[in-house]
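Participant: Here it is, the structure in full.
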Amino acid sequence: MNFTIDRTSKKPIYKQIADYIEKGIANGALSPNHPLPSERSLAEKLNVNRSTIVAAYDELQSIGVVERKRGSGTHISTDIWGISHKRMPNWGRYVEDGSFLPNLPLVQKLRTETQKNKLINLASGELAPDLLPVEQFHSILANQPFNGHLGYDHPQGNLELRETIAKHVQHYKNISVSPDSILITSGAQQALHLIVQCLLKPGDTVAIENPSYSYSLPIFQSAGLRTLLLPVDKDGIDPEEIVALQKKHRIRMLFLNPDHQNPTGTKMSLNRRKRILELSSEYGIPIIEDDPYSLTSFDGEIGPNLKSMDYNGNVVYISSLSKIVASGLRIGWIIGPQKVIERLADAKQQVDFGHSVFPQWVANEFIGSDQFDKHIVKLRNDLKERRDLMISTLIKLTNDKSNFIVPEGGIHFWYKLIEEIDEYKLLDLAIKEGVAFVPGRIFGTEKGYVRFTYGRGESELIKEGISRFVRALNNLGR
Ligand SMILES: Cc1ncc(COP(=O)(O)O)c(C=O)c1O
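To get my numbering, take the position in the sequence shown, counting from 1, and add 360.
Here you go:
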């Protein structure tokens, strides 16, 4: 190989070597199936570290130019030679360079571990299979003929479903809205995404709760937003923190999850809600009220939602059926000023031409029926029982009575570890024991918390899951 390294170049040495070989292949100087020198001999010849040659060969392999087989070294790939000289794009580079960020590594790990292993899953933020209204859905599918049309529906969502949602939010949440100001989305997740993409721009500053679900979402970083953190205590965020932040920064938007917050389970006090609305009007800061959980309130007392007290149009309200009916339906909605809804619906049309007609139809049949109310009453009772079971099992096995706020609704339980413990190491041990939870640091800056989703566990599995967790905790202490 007649090649000299340019040590003054800004191009890394491994890249110079890879480019040289790639060029040799392209101009025919190196032919297919031709063995390339071994890593060791090429490293000696070029007077570089062996790892530099490994990196160069890895690069060539990632673009499909060479093949590497254990024992028989590195060969020029036969695939790139054909009638049309096919070349494989460097997918690795594309995958890394896109502007939309991947999930946090821990989220990816939890996804693989819970799918791959038969773990007791106290991590996924959704309802356990036995809490889903499966029979009611079977009955709808068996008895009601689908009479919708099968073309693209309105990008804002099916009108009948929007009418039903308008009645639903009026009845349960005292929110008055016309169907024109509702947009159906693929869960609350897409609602957040559309808002971030369409109403904000790179460099904007938003304030979010700490800890919070939003903190775990890379969509804020992908959109180039700066996030300021508002600490959550047992009554939600302290509105005066907004005042303090606003003095130093211009907050463009405030993201709040006031009811049975994910992950802390806390419910914001009424006084704080009122004060936040006052501040929103005073400073002109729009509020995104993310409310997937308020209907699960164990005592049936809902909110009051910020949107129900919003007389000036400062609040854009998001909710979904994921935590009260079924996450797999992917039905969520946004309620906001018509101008905003139209802008977001236009974006939604670009993204997916509007939501799929079938889940909209089934959702409409279910939430428009008297079955829905019965389901919610039962769900609240079941969730309360599971909360109690989880907490009593934890207290029994750890002797710890004080390290948590007892959630009065929702599906999550935020548990503070007594000792200084690394939650990530604890998760590894817990997975070995056969249970998954979410380390708290994924939701914010505070260390030493874990999030359990009691809503996700079937009763007998909650007990077993918590004893496995406590075993992992004890093993870590050893
Ligand atoms: C506060 C909050 N917002 C939004 C979502 C997204 O839920 P979905 O898209 O299933 O409605 C979640 C899910 O965990 C959540 O906890």
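The beta-carbon is built from N, C-alpha and C at its ideal position, and this holds for glycine as well.
Computed from a predicted structure; not experimentally measured.
Taking only three categories from DSSP, how would you classify residue 600?
Facilitator: On the sequence shown, residue 600 is found 240 positions in, with the first residue counted as 1. Helix.
Participant: Would residue 717 pass as a contact of residue 513 if the rule is Cβ separation under 8 Å?
Facilitator: For this step, residue 717 is matched to residue 357 along the sequence shown. For this step, residue 513 is matched to residue 153 along the sequence shown. Going by C-beta atoms, residue 717 is nearer than 8 Å to residue 513.
Participant: In angstroms with no decimal places, state the Cα-to-Cα distance between residue 526 and residue 427.
Facilitator: Residue mapping note: residue 526 aligns to position 166 of the sequence shown, counting from 1. Residue mapping note: residue 427 aligns to position 67 of the sequence shown, counting from 1. Approximately 60 Å between the Cα atoms of the pair.
Participant: Whole angstroms is fine: what's the gap from residue 398's alpha carbon to residue 374's?
Facilitator: As a first step, residue 398 is located in the sequence shown; it is residue number 38 there, counting from the start. As a first step, residue 374 is located in the sequence shown; it is residue number 14 there, counting from the start. Going by the C-alpha atoms only, they are around 15 Å apart.
Participant: Quick one: what's residue 798 bridged to in DSSP?
Facilitator: Translated into positions along the sequence shown, residue 798 becomes position 438. DSSP output for residue 798 lists 811 as bridge partner(s).
Participant: From the DSSP output, in three-state form, read off residue 433 for me.
Facilitator: Start at 1 with the first residue of the sequence shown, and residue 433 comes out as number 73. The answer is strand: DSSP assigns residue 433 an E or B state.
Participant: Identify which residue in 545, 808, 672, 714 has its Cα closest to the Cα of residue 777.
Facilitator: Residue mapping note: residue 777 aligns to position 417 of the sequence shown, counting from 1. Closest option to residue 777, Cα to Cα, is 808.
Participant: Using the Cβ count rule (16 or more neighbours within 10 Å means buried), how would you classify residue 687?
Facilitator: Mapped onto the sequence shown, residue 687 falls at position 327. Buried: at least 16 other Cβ atoms inside 10 Å.
Participant: Taking Cβ positions, are residue 743 and residue 826 nearer each other than 8 Å?
Facilitator: Residue 743 sits at position 383 when you count from the first residue of the sequence shown. Residue 826 sits at position 466 when you count from the first residue of the sequence shown. Contact: no.
Participant: Is residue 548 close to ligand 1? I mean its beta-carbon at under 7 Å from any heavy atom of the ligand.
Facilitator: Within the sequence shown, numbered from 1, the residue matching residue 548 stands at position 188. Yes, the Cβ of residue 548 comes within 7 Å of a heavy atom of ligand 1.
Participant: DSSP on residue 653, reduced to helix/strand/coil?
Facilitator: Here residue 653 corresponds to residue number 293 of the sequence shown, with the count starting at 1. Note: residue 653 maps to coil in three-state DSSP.
Participant: Can we count residue 622 as close to ligand 1, meaning its CB is less than 7 Å from some heavy atom?
Facilitator: In the sequence shown, the residue the question calls residue 622 occupies position 262. Residue 622: yes, Cβ under 7 Å from ligand 1.
Participant: Looking only at C-alpha atoms, which of 561, 625, 619 sits nearest to residue 632?
Facilitator: Locating residue 632 in the sequence shown gives position 272, where the first residue counts as 1. Looking at the Cα atoms, 619 is the closest of the given residues.
Participant: Using a Cβ-Cβ cutoff of less than 8 Å, which residues in the same chain neighbour residue 725 once the five nearest sequence positions on both sides are dropped?
Facilitator: On the sequence shown, residue 725 is found 365 positions in, with the first residue counted as 1. Closer than 8 Å at Cβ, skipping near neighbours: 500, 504.
Participant: Considering Cα atoms alone, identify which of 383, 437, 507 is closest to residue 392.
Facilitator: Mapped onto the sequence shown, residue 392 falls at position 32. Among 383, 437, 507, the Cα nearest to that of residue 392 is on 437.
Participant: Could you check whether residue 678 and residue 691 sit closer than 8 Å to each other, using their CB atoms as the reference points?
Facilitator: Within the sequence shown, the letter at position 331 stands for residue 691. Within the sequence shown, the letter at position 318 stands for residue 678. Against a cut-off of 8 Å, the Cβ pair of residue 678 and residue 691 comes out as no contact.
Participant: Please tell me whether residue 558 and residue 704 are closer than 8 Å, where the distance is taken between their beta carbons.
Facilitator: Reading the sequence shown from its first residue, position 198 is the one you call residue 558. Reading the sequence shown from its first residue, position 344 is the one you call residue 704. Yes; because the gap between Cβ atoms is below 8 Å, this pair is in contact.
Participant: Compute the distance between the beta-carbons of residue 646 and residue 461, then report whether it is under 8 Å.
Facilitator: Position 286 of the sequence shown, counting from 1, holds the residue named residue 646. Position 101 of the sequence shown, counting from 1, holds the residue named residue 461. For residue 646 and residue 461, no; Cβs fall outside 8 Å.
Participant: Taking only heavy atoms of ligand 1 into account, decide whether any of them is closer than 7 Å to the Cβ of residue 680.
Facilitator: Taking the first residue of the sequence shown as 1, we reach residue 680 at position 320. Answer for residue 680: yes, Cβ within range of ligand 1.
Participant: For residue 680, name the three-state secondary structure that DSSP assigns.
Facilitator: Working through the sequence shown from its first residue, we reach residue 680 at position 320. Of the three classes helix, strand and coil, the one that applies to residue 680 here is strand, per DSSP.
Participant: Helix, strand or coil for residue 763 per DSSP?
Facilitator: Sequence index remark: in the sequence shown, residue 763 carries index 403 (1-based). Of the three classes helix, strand and coil, the one that applies to residue 763 here is coil, per DSSP.
Participant: Is the number of C-beta pairs between the region 566-583 and the region 517-526 that are closer than 8 Å three or more?
Facilitator: No contact exists between the region 566-583 and the region 517-526.
Participant: Quick one: Cα of residue 675 to Cα of residue 667, how far?
Facilitator: Here residue 675 refers to the residue found at position 315 of the sequence shown. Here residue 667 refers to the residue found at position 307 of the sequence shown. Answer to the nearest angstrom: the Cα atoms are 6 Å apart.
Participant: Please tell me whether residue 378 and residue 420 are closer than 8 Å, where the distance is taken between their beta carbons.
Facilitator: What you label residue 378 is simply residue 18 of the sequence shown in a count that begins at 1. What you label residue 420 is simply residue 60 of the sequence shown in a count that begins at 1. Going by C-beta atoms, residue 378 is nearer than 8 Å to residue 420.
Participant: Compute the minimum distance between the beta carbon of residue 573 and the heavy atoms of ligand 3, and state whether it is under 7 Å.
Facilitator: In terms of ligand content, the structure shown lacks ligand 3 and carries ligand 1 instead.
Participant: Check residue 518 in the structure and name its three-state DSSP category.
Facilitator: Residue numbering aside, residue 518 sits at position 158 when the sequence shown is read from its first letter. Coil, per DSSP.
Participant: Under 8 Å by Cβ, that's how I've got residue 819 and residue 749 pegged, so tell me the actual separation to the nearest angstrom.
Facilitator: Against the sequence shown, residue 819 aligns to sequence position 459. Against the sequence shown, residue 749 aligns to sequence position 389. At roughly 6 Å, the Cβ-Cβ gap stays under 8 Å, so residue 819 and residue 749 are in contact.
Participant: Could you tell me which uninterrupted alpha helix (DSSP H) segments, each at least 4 residues in length, are contained entirely in the region 611-655, listed from first to last along the chain?
Facilitator: As far as the region 611-655 is concerned, its whole alpha helix (DSSP H) runs of at least 4 residues are 630-643.
Participant: Nearest-angstrom Cα distance between residue 402 and residue 412?
Facilitator: For this step, residue 402 is matched to residue 42 along the sequence shown. For this step, residue 412 is matched to residue 52 along the sequence shown. About 10 Å.
Participant: Quick one: measure Cβ to Cβ for residue 644 and residue 654, integer angstroms, because I've assumed they're closer than 8 Å.
Facilitator: Counting from one through the sequence shown, the residue named residue 644 turns up at place 284. Counting from one through the sequence shown, the residue named residue 654 turns up at place 294. So it is not a contact: roughly 26 Å between Cβ atoms.
Participant: In terms of residue numbering, what span does the beta strand (DSSP E) encompassing residue 776 cover?
Facilitator: To locate residue 776, count along the sequence shown from 1; it is residue 416. 772-776 is the span of the beta strand (DSSP E), which, as asked, contains residue 776.
Participant: Could you check whether the region 766-777 touches the region 621-637, counting it as contact only if at least three pairs of C-beta atoms, one from each stretch, sit closer than 8 Å?
Facilitator: They touch, by the three-pair rule.
Participant: Strictly by DSSP, which residues pair up with residue 820?
Facilitator: By 1-based counting over the sequence shown, the position of residue 820 is 460. Beta-bridge pairing links residue 820 to no other residue.
Participant: Any idea which residues DSSP pairs residue 395 with across the strands?
Facilitator: Against the sequence shown, residue 395 aligns to sequence position 35. DSSP output for residue 395 lists 435 as bridge partner(s).
Participant: Leaving out the 5 sequence neighbours to the left and right, which residues in its chain are closer than 8 Å to residue 783 when beta-carbon positions are compared?
Facilitator: On the sequence shown, position 423 is the one that residue 783 refers to. Within the same chain, residue 783 has close Cβ partners 777, 799, 800, 801, 807, 808, 809, 810.
Participant: May I ask you to report which of helix, strand or coil DSSP gives residue 489?
Facilitator: In the sequence shown, counting from the first residue as 1, residue 489 sits at position 129. Residue 489 falls in the helix class under three-state DSSP.
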